[in-house]
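Trainee: If you scroll down you'll find the structure; I have some questions about it.
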Ligand code: HBI
Ligand code: FE
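Numbering (the numbering used here), first residue to last: 4 to 284.
Following this line, the structure appears as structure tokens:
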């Protein structure tokens, strides 16, 4: 199977592209303290993502691999689910090698190097998240073989992309889609609009999501260390059970939900909000 790897082409980045990286970093750094979880902020520091421009994936991978066994591989953009899961299963994170242009600050259809590296890499330096992401990749491949790919994409979406976590200091974000977007970093934690629900595996795997706006529901796990425990279920019966039930609407609240905060549902990202990442599926 083609694994979509390409050369990052680090030497061909222009000064303007490195400047764009620094612009996105400084904008993000104004909203992350007090909203991103401590493990994420520590990851940024231990990977040295603040100071220079666009990182060289080889050098970044050497630091990351020493911590959790993960490497970063360059890809041209979104790759098919199965290929994506196959990389995760081998502790390789596929990262876009391009960076958004000033005109794309409003609308970005595919994950660029800022989303993938500034959003995901710091958490891949955290053992619990890193082991979960690898186990998730392996389960995703198994699920793909039995028709459960949509359920696995939802699990990915509401954890590694848009997950919240309970901490001693309160709710914090660890999902890359949140911590790489200035507006969603604030929205996910402070807006009255979305639902914030306790994480329940089956509920998450049944819940639809949107790719072109803020999330209408965020799910909070008890701790990062609890991430891995979420996968400790018998998957074949779970996927078989899920295959027969319909999806849950992305903004719905159900009787059995552990509602941390009930959303008003009256706000969505407006043009000009920020560089909202919209992953085109
Ligand atoms: N491809 N490059 C890339 N990055 C992703 O995050 C990604 C992908 N392909 C599929 C995919 N994500 C989905 O499986 C998840 O969004 C659920
Ligand atoms: Fe992502």
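Even for Gly, the Cβ is constructed at its ideal location relative to N, Cα and C.
When you compare only the Cα positions, how much space is there between residue 98 and residue 192?
Mentor: 26 Å
Trainee: Taking the beta strand (DSSP E) that residue 99 falls in, what are its first and last residues?
Mentor: 95-99
Trainee: Taking 8 Å as the threshold (C-beta atoms), are residue 215 and residue 253 in contact?
Mentor: no
Trainee: Hey, how far is the Cα of residue 40 from the Cα of residue 182?
Mentor: 10 Å
Trainee: Determine the closest residue to residue 82 out of 257, 6 and 115, with distance taken between C-alpha atoms.
Mentor: The residue from 257, 6 and 115 with its alpha-carbon nearest to that of residue 82 is 6.
Trainee: Excluding five sequence neighbours on each side, which residues of the same chain lie with their C-beta closer than 7 Å to the C-beta of residue 263?
Mentor: 199, 200, 201 and 223
Trainee: Return the residue from the list 91, 53 and 23 that minimises the CA-CA distance to residue 74.
Mentor: 91
Trainee: Give the list of continuous beta strand (DSSP E) stretches no shorter than 3 residues that lie fully inside the segment 142-214.
Mentor: 167-170, 173-176 and 198-201
Trainee: In angstroms with no decimal places, state the Cα-to-Cα distance between residue 134 and residue 196.
Mentor: 32 Å
Trainee: Quick check: the Cα distance between residue 209 and residue 10, rounded to an integer number of angstroms?
Mentor: 37 Å
Trainee: What span of residues does the beta strand (DSSP E) with residue 262 cover, start to end?
Mentor: 262-264
Trainee: Ends of the beta strand (DSSP E) at residue 224?
Mentor: 220-224
Trainee: If distances are taken between C-alpha atoms only, which option among 28, 161, 139 and 144 comes closest to residue 235?
Mentor: Comparing alpha-carbon positions, the option among 28, 161, 139 and 144 lying closest to residue 235 turns out to be 139.
Trainee: So residue 47 is in the alpha helix (DSSP H); what residue range does that whole segment cover?
Mentor: Looking at the DSSP string, the run of the alpha helix (DSSP H) that includes residue 47 is 41-49.
Trainee: Going by DSSP, what residue range makes up the beta strand (DSSP E) through residue 77?
Mentor: Per DSSP, residue 77 belongs to the beta strand (DSSP E) from 74-78.
Trainee: Going by beta carbon distance, what residues of the same chain come within less than 6 Å of residue 228, once the five residues before and after it are set aside?
Mentor: 131
Trainee: Just the Cα atoms here: how many angstroms apart are residue 118 and residue 269?
Mentor: 27 Å
Trainee: Taking Cβ positions, are residue 205 and residue 213 nearer each other than 8 Å?
Mentor: No. Outside cutoff.
Trainee: Excluding the five sequence neighbours on either side, which residues of its own chain have a C-beta within less than 8 Å of the C-beta of residue 44, listed in chain order?
Mentor: 35, 36 and 125
Trainee: Assuming residue 178 contacts residue 164 under a Cβ cut-off of 8 Å, what Cβ separation, rounded to an integer in Å, is found between them?
Mentor: Between residue 178 and residue 164 the beta-carbon gap is near 5 Å, inside 8 Å, which marks them as a contact.
Trainee: So residue 8 is in the alpha helix (DSSP H); what residue range does that whole segment cover?
Mentor: Unbroken run through residue 8: none, as it is neither H nor E.
Trainee: Looking at the structure shown, is residue 111 part of a helix, part of a strand, or coil, going by DSSP?
Mentor: It is a strand residue.
Trainee: Could you tell me if the beta carbon of residue 160 falls within a distance shorter than 7 Å of some heavy atom in the ligand HBI?
Mentor: yes
Trainee: In its own chain, which residues sit with a C-beta less than 6 Å from the C-beta of residue 64, not counting the 5 before and 5 after it?
Mentor: 74 and 75
Trainee: My guess is that residue 167 and residue 174 are in contact by the Cβ rule of under 8 Å, so how many angstroms apart are they, rounded?
Mentor: 5 Å
Trainee: Straight-line CA distance for residue 251 to residue 161?
Mentor: 13 Å
Trainee: May I ask you to report which of helix, strand or coil DSSP gives residue 57?
Mentor: coil
Trainee: Could you check which residue in 23, 19, 225 and 12 has the C-alpha nearest to that of residue 172?
Mentor: It is 225.
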